[in-house]
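All residue numbers for the sequence shown refer to full-length UniProt numbering, where the first residue is 1 and numbers rise by one. Note sheet for the following structure.
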Amino acid sequence: MKLLLFPSLVALLFQGSANACTGFAGVHDHFLPINGTFAANNQISLNSDGYGVSHFGSGAYMITDGAYQTFVVVSTEGVVVVDAPPTTGHKIQWAIGNLTSIPVRWFIYSHSHSDHAGGAYIFANQSHPQVTTISHENTASQLATAKDPHRPVPQITFNDRYNLVAGNQTLELSFPGIGHDLGNIIIYAPKQRVLMMVDQIYAGWVPFWNLAASLYVPGWIQAHDQLLAYDFDVYLGGHMGGPANRTAVEVQREYVQDLFDNCADALLESGSPENPTVDIGTISKEVLENNPSNIWAQFAVYLDAVADLCYNKTSEKWLGKLAAQDIFGFSHARTMVSSLRLDYDILGPNGVQ
1 MKLLLFPSLV ALLFQGSANA CTGFAGVHDH FLPINGTFAA NNQISLNSDG
51 YGVSHFGSGA YMITDGAYQT FVVVSTEGVV VVDAPPTTGH KIQWAIGNLT
101 SIPVRWFIYS HSHSDHAGGA YIFANQSHPQ VTTISHENTA SQLATAKDPH
151 RPVPQITFND RYNLVAGNQT LELSFPGIGH DLGNIIIYAP KQRVLMMVDQ
201 IYAGWVPFWN LAASLYVPGW IQAHDQLLAY DFDVYLGGHM GGPANRTAVE
251 VQREYVQDLF DNCADALLES GSPENPTVDI GTISKEVLEN NPSNIWAQFA
301 VYLDAVADLC YNKTSEKWLG KLAAQDIFGF SHARTMVSSL RLDYDILGPN
351 GVQ
């Protein structure tokens, strides 16, 4: 659906050569280049088979197809695999085979989503009885409901914490609470100081569409601080090229806080006639004149106007600093406005009268 933009906002949204993605992104659109950003520089070279490998020492590796990441830890008693994105699929097997002759013995689901777990059956099914599968109990419930043969229901589940001791290696699994998904977990390798939480941090980029398509935005926001409580050097977010570091988590936390503050300010400002582009009274009058009794039209235009203001304020600082703010930034503003209203009781002019 094309969004209705106010004329005073259009000029600001479309400054420069790149279009802000506040409507449908078409195949002929041109967006801001990512040249010179961390996102552009943090890429992994892929081999002729279409995958790349990063080594973190002491048997810890990342395998990627350039878009998705798998964490692999080689122990004296077997290999531990965290996630199997279907786009990487059998390439993970090839990569492990080139690293060690030790068989895979454990498979860990970071969470239930099929874009990260759709290749789990390659390692964990009835033909691989030696592989033990592990997840949070919520993920197990989701997979039991899904009945997807590509994502077998895990054998071991936990609620709060679980330590996997695999020979000479230890992985600490913990559940920070509902956020991106019902059972998205933190995976920590203390020996190698590697931390992984998938679909939480997008190093050098703004998050994926609608704040990472998160189920519960307050939990997703809180997870930034929970991650920073760990002592780590390497961060794996499951997406977007190479490994990251602590700074990437801190930068995204700053971006999300700015977005939160700007959207809260926009909601509060929408109760003032001093800014007619977001004032709910001005907007309601104009929309209802053209669409009599259409309350949904009135409210949709109002919310989009608030999100526009938040997006513009946020872009003043972050456009060109984090890749794809012009692409997904408006969706984040829209999602944040909704969460502020419903989860944080920041209702602006729609509060208690």
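Glycine residues also receive a C-beta, built at the ideal position from the N, C-alpha and C atoms. Keep in mind that this is a model prediction, so the values were computed, not measured.
DSSP places serine 338 inside the alpha helix (DSSP H), whose first and last residues are 325-342. About 6 Å separates the Cβ atoms of glycine 242 and serine 54, confirming a contact at the 8 Å cut-off.
Residue range 246-269 is occupied by the alpha helix (DSSP H) that includes asparagine 262.
Note that the C-beta distance between valine 194 and phenylalanine 232 is below 8 Å. For alanine 60, the uninterrupted beta strand (DSSP E) run begins and ends at 60-64, by DSSP. If you draw a 10 Å sphere on the C-beta of histidine 332, you find 16 or more other C-beta atoms in it, and that means buried.
According to the DSSP assignment, valine 53 belongs to the beta strand (DSSP E) that extends over 52-57. Rounded to the nearest angstrom, the gap between the Cα atoms of proline 273 and histidine 239 is 43 Å. Tryptophan 209: member of the alpha helix (DSSP H) spanning 209-213, first to last residue. About 6 Å separates the beta carbons of threonine 88 and tyrosine 68, which is inside the 8 Å limit, making them a contact pair. Within the model, the alpha-carbon separation for glutamate 269 versus leucine 99 is close to 57 Å. Around the C-beta of tryptophan 296, fewer than 16 other C-beta atoms lie within 10 Å, and the residue is accordingly described as exposed. Per the Cβ contact rule, the segment 43-57 is not in contact with the segment 140-154 (fewer than 3 Cβ pairs under 8 Å). For alanine 25, the number of other beta carbons within 10 angstroms of its own is below 16, and it is reported as exposed.
Residue environment: leucine 342 is assigned as exposed (fewer than 16 neighbouring CB atoms within 10 Å of its CB, all protein chains considered). The C-beta of lysine 285 has fewer than 16 other C-beta atoms within 10 Å across all chains shown, which makes the residue exposed. Taking C-beta atoms as the reference points, alanine 84 and alanine 117 count as a pair closer than 8 Å.
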